[in-house]
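Protein chains in written order, with the numbering used here: chain A, 1 to 604; chain B, 605 to 852.
These notes are about the structure you will find just below.
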Ligand SMILES: Cc1cc2nc3c(=O)[nH]c(=O)nc-3n(C[C@H](O)[C@H](O)[C@H](O)COP(=O)(O)OP(=O)(O)OC[C@H]3O[C@@H](n4cnc5c(N)ncnc54)[C@H](O)[C@@H]3O)c2cc1C
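So this is what it looks like as structure tokens:
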């Protein structure tokens, strides 16, 4: 692993905007080793046998079944993939962790939420920030599934504004305990967990503090009823009340006042894993929808033969393919960054923390993009099923409801959009990523005379890669001028931030898809990758449209006169195709392959 | 007790079946390979002998390097060692001859093969192994218990079961019933990690004649569309059943 790491230029988080990456430098699903493929097979077998086969139980609020299957997942080692061997885990890399998270999550959002809340935000704060004693005491139990964890950050008055919680922690007179009192809301796994990660404020501290709290009803801990929810029906979600709950001082996580940081870093990991958790859900919906469309006959023909249906299938497959490309690309970057840190002498704990933090921008990008794609895909899944899609007897309806939560938890998509741009600007200010140089260069380019030569676009993706390069310039132009104009007040211009963020997201996804396909075309031949080439082109086309629209909205919002004209001209130039792709033909090609395969086979 | 489980690397049951080279070769393009289901029942029973009676379990397959993921899965499930006989399996005799050679050298007490592989369904391999090694043989075996060197095996026969008392060394052709589907094991994460450290021996093939060649494969004719017959029209139904379906 480390030799590979050394050879490739590993971009820093956010640097994809200003650096060109060679396709050989990104990791793709096609790079899984034999062991990872076996892990994936095991995970899929587990899902088919234990989850998919009992799908109605999850719909019928069978909370006990969620717990039972979580325990079975523990027996198979699926809860401990990411946990170091010293604490009873498998000590596997970040890609393997993502892989399990991905393939375990397709059948029902109830299980994937329970899984994510336990292995992610319920366990990671201890593995990332716990003391040696804390890790020895709690992590092995969480790794095996003997114990389950939950994460208590949100309160009735503190949702997106997570640092504003009112839960208090007061030091006892003998100095041995903190007494925690307060109300936490929307706590996943609350109904069956053995341990809570609780964030509370000590005195009038500016920042909250994290604690490990064992679940003991006799210690002032009580639960609200199960929330009645739109989806994820068998995921336990309850309020948790702490009433002078005695927590030994040694159960403080990290240091006093460090809680907000812990909360945010746990969420960084949670976000990229949530993206992974929305991949298999897309594949399953595509598989079901394709099967249905192949079989459902109207006007004497299977509905798959209708162009309107083909377009949907093509877009659905394209979303999933692109999401895979971006998610696994980022996962491997994180894994490599961790390896580099370890090689430099960091402890595994520090390395992992810094590794994920480095790619917080990508984590936010992925969370937003993939959660929105799964929403579109499940929505079209219902549409393809027609009236049957609206029926609770088919899996489309629940898939659609279950997908909805992904846009809300682990930081809403609005918060994550703002974070993505905000963090990038901060990184630029700190000099971690040089945006200023490239942004200035774009500014100069705008003033100069554009070249009218048509470059040689004959090689695979030559035009597409050139276009991606130009799309990056759109972001640099928009964000660069906005920062110049507003300085720190940029934060207050949310609509502008949302637009900039959409540009950022589309650039990362479109580029990842192209690099994935280019790498595979080199290995497996262009013919074998014909559909993947079509999907990469289709996605880029859609990305260009979004970027042109959002770019325009942004530019007009803060500029006028000649400056505006110049930027709009630049936008046009940066989003221009020399050869317009025929997206109707692309969609037909993609859909026909998916129909012939009977579903999504691009992850095989 | 030393057990050898013979494992065939077969296409997943959901694979699309196509042929190449003038319908003489199976097209492996895009096909996923798995442990032959009959062999997996046997392997799972072998794991039971390992855990309850301290048996040692080896697995063997005849195939090229591309079959290694399949036998490594057997290692991940819990087999102790794996042997790959480096040759393309041509026909039943060839395969049985290779496995018999490995079995002879390994001194196994029990050899478990599947009743048949689900790709070519030859159903000959366990019988030929038993003959070549001069061992006892129970085919279509649905239950197996062993005490010392005594074996009690149940064989599925037309319309019922036959219980056989026999002794080791023994070859069985196993199938579902040895264990049930719900007993089949999903390789756990630790097993998968351990598999990497277990021995996978690659041995060269023994000379053996290939006695048959595939001349042509044919797929069953595609099913026509469903015909709906009006409830009152019994004559047409009878005519269709007689002339088209040839069912009556
Ligand atoms: C099923 C479920 C499970 C959950 N599990 C957990 C859990 O296990 N642990 C836990 O701690 N929490 C959990 N949560 C809570 C979840 O993280 C919060 O619901 C989420 O962070 C949003 O907070 P909120 O609901 O208070 O919405 P609010 O923060 O009130 O947001 C309402 C709307 O306003 C927008 N908004 C808020 N602030 C801004 C801003 N500054 N700028 C622009 N727009 C803004 C939001 O994007 C959103 O659209 C869960 C929630 C649900 C529904």
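Glycine included, every Cβ here is placed at the ideal spot set by N, Cα and C.
This one's a predicted model, so the numbers in the text were calculated from it and none came from an experiment.
Check, Outcome
"Could you give the distance in angstroms between the alpha-carbon of residue 557 of chain A and the alpha-carbon of residue 74 of chain A?", "52 Å"
"Pull up the DSSP beta-bridge partners for residue 67 of chain A, would you.", "Note: residue 67 of chain A sits in no beta bridge, so no partner."
"Flag residue 414 of chain A as yes when its Cβ comes closer than 7 Å to any non-hydrogen atom of ligand 1, and as no otherwise.", "yes"
"Taking C-beta to C-beta, are residue 536 of chain A and residue 513 of chain A nearer than 8 Å?", "yes"
"Would you say residue 673 of chain B faces chain A, with C-beta separation under 8 Å as the test?", "yes"
"Just to confirm my understanding: we take residue 739 of chain B, look at its own chain, exclude 5 residues before and 5 after, and list those with CB closer than 8 Å. What are they?", "715, 733, 773, 774 and 775"
"Could you spell out where the alpha helix (DSSP H) holding residue 178 of chain A opens and where it closes?", "No alpha helix (DSSP H) contains residue 178 of chain A, which is instead part of the beta strand (DSSP E) from 177-188."
"Excluding the five sequence neighbours on either side, which residues of its own chain have a C-beta within less than 6 Å of the C-beta of residue 102 of chain A, listed in chain order?", "276, 279 and 280"
"Using C-beta distances below 6 Å, list every residue in its chain close to residue 119 of chain A, excluding the 5 sequence neighbours before and after it, in chain order.", "79"
"Express the C-alpha separation of residue 76 of chain A and residue 96 of chain A in angstroms, rounding to a whole number.", "15 Å"
"Does the beta carbon of residue 152 of chain A fall short of 7 Å from some heavy atom of ligand 1?", "yes"
"Enumerate in chain order the residues of its own chain whose CB-to-CB distance from residue 418 of chain A is below 6 Å, with the five nearest sequence positions on each side excluded.", "497"
"So with CB distances below 7 Å, who are the chain A contacts of residue 677 of chain B?", "38"
"If contacts are defined as beta-carbon pairs under 8 Å, then residue 349 of chain A and residue 586 of chain A qualify, I think. What distance do you get, rounded to the angstrom?", "With 8 Å as the limit, residue 349 of chain A and residue 586 of chain A do not qualify as a contact, their Cβ atoms being about 46 Å apart."
"Decide yes or no for the touch test of the segment 605-617 of chain B against the segment 660-678 of chain B: beta carbon pairs closer than 8 Å, at least 3 of them.", "yes"
"Measuring only from the beta carbon, is residue 262 of chain A closer than 7 Å to any heavy atom that is part of ligand 1?", "no"
"Are there any heavy atoms of ligand 1 lying less than 7 Å away from the beta-carbon of residue 409 of chain A, as far as the coordinates show?", "yes"
"Is residue 577 of chain A helix, strand or coil by DSSP?", "coil"
"Shorter than 8 Å from the beta carbon of residue 76 of chain A to some beta carbon of chain B?", "yes"
"On the three-state DSSP scale, how would you describe residue 2 of chain A?", "Residue placement at residue 2 of chain A cannot be trusted, given a pLDDT of 43 that sits under 50; the coordinates are not used to answer."
"Can you tell me whether residue 502 of chain A is buried or exposed? The criterion is at least 16 other CB atoms within 10 Å of its CB, across all chains shown.", "buried"
"Relative to the C-alpha of residue 37 of chain A, which candidate in B/674, B/617, B/813 and B/852 has its C-alpha closest?", "B/674"
"When the cut-off is 8 Å and only beta carbons count, does residue 680 of chain B lie next to chain A?", "yes"
"Thinking just about the alpha-carbon of each residue, which of B/753, B/742, B/779 and B/677 is nearest to the one in residue 766 of chain B?", "B/742"
"With a floor of 4 residues, list each alpha helix (DSSP H) that falls wholly inside the segment 65-111 of chain A, ordered by position along the chain.", "94-103"
"What residues match up with residue 252 of chain A in a beta bridge as DSSP calls it?", "A/211"
"Which parts of the segment 705-729 of chain B are runs of the beta strand (DSSP E), unbroken and 3 residues or longer, counting only runs that do not cross its ends?", "714-718"
"Where residue 842 of chain B and residue 852 of chain B are concerned, what is the direct C-alpha to C-alpha distance, given to the nearest angstrom?", "8 Å"
"Between residue 229 of chain A and ligand 1, is the CB less than 7 Å from at least one heavy atom?", "yes"
"State the start and end residues of the unbroken alpha helix (DSSP H) segment that holds residue 166 of chain A.", "Residue 166 of chain A -> no alpha helix (DSSP H), and no H or E assigned at all."
"Mind pulling the chain A residues with CB within less than 9 Å of residue 792 of chain B?", "42, 75, 76, 77 and 78"
"Check whether the segment 510-530 of chain A and the segment 473-489 of chain A are in contact - that is, three or more C-beta pairs closer than 8 Å.", "no"
"Kindly indicate which residue of A/213, A/432, A/209 and A/305 has the alpha-carbon position closest to the one of residue 254 of chain A.", "A/209"
"Does ligand 1 have a heavy atom nearer than 7 Å to the CB of residue 325 of chain A?", "no"
"As an exercise, report each continuous alpha helix (DSSP H) stretch of at least 4 residues that is fully enclosed by the segment 386-460 of chain A, in chain order.", "387-390, 395-404, 413-430 and 436-447"
"Counting contacts by CB-CB distance shorter than 8 Å, is residue 81 of chain A in contact with chain B?", "yes"
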